[in-house]
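*Asks:*
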Amino acid sequence: MFSQEVTGQFMEHVDNLLKLILPAYVQEGRSYLTIAIGCTGGRHRSVAIAEALGKSIAAHGYRPRVSHRDINA
520 MFSQEVTGQF
530 MEHVDNLLKL
540 ILPAYVQEGR
550 SYLTIAIGCT
560 GGRHRSVAIA
570 EALGKSIAAH
580 GYRPRVSHRD
590 INA
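Have a look at this one:
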């Protein structure tokens with residue numbers, strides 16, 4: 520999945536959005552932001568994207584908490 524060009528483009532766009540909104544959330548005094556990623560089964564693509572987003576958020580100096588609702592379903 521990450522070998523597909525569209526996946527890289529998606530991640531780049533989401534990362535740019537996070538760079539824009541995360542500082543604003545902190546400035547407003549918000550303590551959390553919920554981001555939901557879904558796919559048909561909830562065990563492969565969405566898990567990989569959520570984990571990658573968590574790493575991206577951590578790289579920007581924040582402490583993400585990533586959870587997977589359907590991974591064991």
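In our numbering, the protein residues as written are 520 to 592. We put the beta carbon where it would ideally sit given N, CA and C, even for glycine.
(1) With DSSP collapsed to three states, give me the class of Y551.
(2) The alpha helix (DSSP H) with I576 in it runs from where to where?
(3) Out of curiosity, what's the CA-to-CA distance linking G557 and T526?
(4) With distances taken from CA atoms, which of R564, E547, M530 is nearest I596?
(5) Could you check how far apart the C-beta atoms of A569 and V585 are, in whole angstroms? I think they sit under 8 Å.
(6) Taking Cβ positions, are L541 and H587 nearer each other than 8 Å?
(7) How far does the alpha helix (DSSP H) with H532 in it extend, from its first residue to its last?
*Replies:* So, from the data block:
(1) When DSSP states are grouped into helix, strand and coil, Y551 belongs to the coil group.
(2) That run of the alpha helix (DSSP H) goes 564-578.
(3) 14 Å
(4) Residue 596 lies beyond the range of the chain shown here (520 to 592); nothing can be said about it.
(5) Confirmed, about 5 Å.
(6) no
(7) 524-546
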